[in-house]
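J.: Please see the structure below; I have some questions.
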Amino acid sequence: MTNAEISDKIGTLYIVATPIGNLEDISERALKVLADVDLVAAEDTRHTGKLLSHFSIKAKTFALHDHNEKQKAQQILTWLEQGMDIALVSDAGTPLISDPGYAVVNLCREAGAQVTPVPGACAAIAAVSCSGLPTDRFQFIGFTPAKSQARQSFFKEAHESGITSIMYESTHRIMASLADLQTALGEQQQVVFAKELTKTYETFFSGPVCELIAFLENEPERQRGELVLMLPGKTQVSSEMSPEAKQLIGLLEGEMPLKKACGIAAEYFGLKKNALYKAIIAEREGE
22 MTNAEISDKI GTLYIVATPI GNLEDISERA LKVLADVDLV AAEDTRHTGK
72 LLSHFSIKAK TFALHDHNEK QKAQQILTWL EQGMDIALVS DAGTPLISDP
122 GYAVVNLCRE AGAQVTPVPG ACAAIAAVSC SGLPTDRFQF IGFTPAKSQA
172 RQSFFKEAHE SGITSIMYES THRIMASLAD LQTALGEQQQ VVFAKELTKT
222 YETFFSGPVC ELIAFLENEP ERQRGELVLM LPGKTQVSSE MSPEAKQLIG
272 LLEGEMPLKK ACGIAAEYFG LKKNALYKAI IAEREGE
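So, in structure tokens, the structure goes:
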């Protein structure tokens, strides 16, 4: 049977994004799809059941998670071939983004099944859009590794990429992860931290990793929740940073903080303060 012949008879697998916090962020299309499909494949049926109940949707659900995905994939394809429509959801956000679903979508695509997105919330995109970091080029690199040495290499590679990196981290590992980031890239490495996006206690922090560590240690409650960590890419030393500006900064730094020294040098030589400061930091990190 050809892909074209299958497509005429097969049902549709909808990849449906659900809210990451605020239930009002679900789209009208997502609600319609969830109400109309024959089955809903859910990472956690209890969690999804609460979402469906909130919107008075009576849909049949079944579990699809990391431990059974490969076994369920063929069954889902069989149901689609029988003409059933199925929605795939994760506990929150867009399925497959560090969530189950790859084995199912891959199998269905190979078989010529119709797989269509129902776009919506995604923690990675929501976080980077408000981060203040460059978004002309960025990469999502999933959860950080479990082992310390692997994490340090992970952070170095992300930084060396030269573009903004977005990653997820778990509550129980965030402090160890930040300690490794500090070891790998230095205590003044700039980072952006976001937690509980769209929820009551939504929090953003932007600054050196050493200050983020203190921020989280001062109130351990801040370490809990859904966490996103963002790292700017390594910047090239500014061509505008003249030897004279660099020399002046070196002289001033003995009497004041580096940032203030950069501000004075920038004003004296007609340069941009932030660009000069970042160039100095980047040059020192590369030494």
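Positions 22 to 308 (our numbering) are the ones given, in order, by the sequence shown.
The C-beta atom is built at its ideal place from N, Cα and C for all residues, glycine as well.
In this text, all values refer to a predicted model and were calculated from it rather than measured experimentally.
Using a threshold of 8 Å, state whether the C-beta atoms of glutamate 217 and glycine 42 are closer than that.
T.: Closer than 8 Å, so yes.
J.: Any idea if glutamine 103 is buried or exposed, counting beta-carbon neighbours within 10 angstroms, 16 or more meaning buried?
T.: Under this definition glutamine 103 is an exposed residue.
J.: Does the beta-carbon distance from threonine 39 to glycine 114 come in below 8 Å?
T.: Yes, they are a contact pair.
J.: Could you give the DSSP three-state label for glutamine 96: helix, strand or coil?
T.: Correct three-state label for glutamine 96: helix.
J.: To the nearest angstrom, how far is it from the Cα of valine 258 to the Cα of alanine 200?
T.: Low confidence applies to valine 258: its pLDDT is 48, below 50, so where it sits in the model is not reliable enough to give any reading.
J.: When you compare the CB positions of valine 212 and leucine 248, do they come within less than 8 Å of one another, or not?
T.: Their beta carbons are not under 8 Å apart, which means valine 212 does not touch leucine 248 by this criterion.
J.: Quick one: which unbroken alpha helix (DSSP H) runs of 4-plus residues sit fully inside the region 200–280? Chain order, please.
T.: Runs found: 230–239, 264–273.
J.: When you compare the region 55–73 with the region 106–120, are there three or more beta-carbon pairs, one atom per stretch, that lie closer than 8 Å?
T.: Contact holds: three or more Cβ-Cβ distances are below 8 Å.
J.: Using a 10 Å radius around the Cβ and a threshold of 16 neighbouring Cβ atoms, would you call tyrosine 35 buried or exposed?
T.: Counting Cβ neighbours within 10 Å, tyrosine 35 comes out buried, since at least 16 surround it.
J.: Roughly how many angstroms separate the alpha carbons of glutamine 135 and aspartate 65, rounded to a whole number?
T.: Answer to the nearest angstrom: the Cα atoms are 24 Å apart.
J.: Mind checking which residues open and close the beta strand (DSSP E) that includes threonine 137?
T.: It spans 135–139 - the beta strand (DSSP E) in which threonine 137 sits, taken as one unbroken run.
J.: Would you call the CB atoms of lysine 93 and leucine 85 closer than 8 Å?
T.: It is a contact, given that the beta carbons lie within the stated cut-off.
J.: Please state if the CB of glycine 246 and the CB of threonine 192 are separated by a distance shorter than 8 Å.
T.: Result yes, Cβ atoms of threonine 192 and glycine 246 sit closer than 8 Å.
J.: Measure the C-alpha to C-alpha separation of alanine 303 and glutamine 170 and round it to an integer number of angstroms.
T.: Computed Cα separation, rounded: 23 Å.
J.: For aspartate 87, I'd like the list of residues in its chain whose CB is within less than 7 Å of its CB, leaving aside the five on either flank, ordered along the chain.
T.: If we look at aspartate 87 and ignore the five residues flanking it on each side, its Cβ neighbours are Pro121.
J.: Could you name the residues that DSSP lists as bridge partners for serine 186?
T.: In DSSP, serine 186 forms a bridge with Gln160, Leu252.
J.: Are the beta-carbon atoms belonging to proline 229 and glutamine 210 less than 8 Å from one another?
T.: Going by C-beta atoms, proline 229 is nearer than 8 Å to glutamine 210.
J.: For phenylalanine 161, I'd like the list of residues in its chain whose CB is within less than 6 Å of its CB, leaving aside the five on either flank, ordered along the chain.
T.: The answer, listed in chain order, is Ala145, Ile187.
J.: Can you tell me which of the three DSSP states alanine 63 falls into?
T.: In the structure shown, alanine 63 sits in a strand (DSSP, three-state: E or B).
J.: Identify every residue that forms a DSSP beta bridge with alanine 84.
T.: Paired residues: Ala63.
J.: Between which two residues does the alpha helix (DSSP H) harbouring isoleucine 146 extend?
T.: 144–150 is the span of the alpha helix (DSSP H), which, as asked, contains isoleucine 146.
J.: With respect to the beta strand (DSSP E) encompassing alanine 108, which residues constitute its N-terminal and C-terminal limits?
T.: Looking at the DSSP string, the run of the beta strand (DSSP E) that includes alanine 108 is 107–110.
J.: In this structure, does DSSP put threonine 192 in helix, strand or coil?
T.: In this structure, threonine 192 counts as helix in the three-state DSSP scheme.
J.: Quick check: what's the CA-CA separation for threonine 137 versus lysine 281?
T.: Approximately 53 Å, taken between the alpha carbons.
J.: Could you give the C-beta distance for glycine 183 and lysine 255, rounded to a whole number, given that I count them as a contact under 8 Å?
T.: Confirmed, Cβ separation roughly 6 Å.
J.: DSSP three-state label for isoleucine 36, please.
T.: Correct three-state label for isoleucine 36: strand.
J.: Can you tell me the Cα-Cα spacing of threonine 219 and leucine 44, whole angstroms?
T.: Between threonine 219 and leucine 44, the C-alpha separation is close to 9 Å.
J.: What span of residues does the alpha helix (DSSP H) with glutamine 173 cover, start to end?
T.: Glutamine 173 -> alpha helix (DSSP H) spans 169–181.
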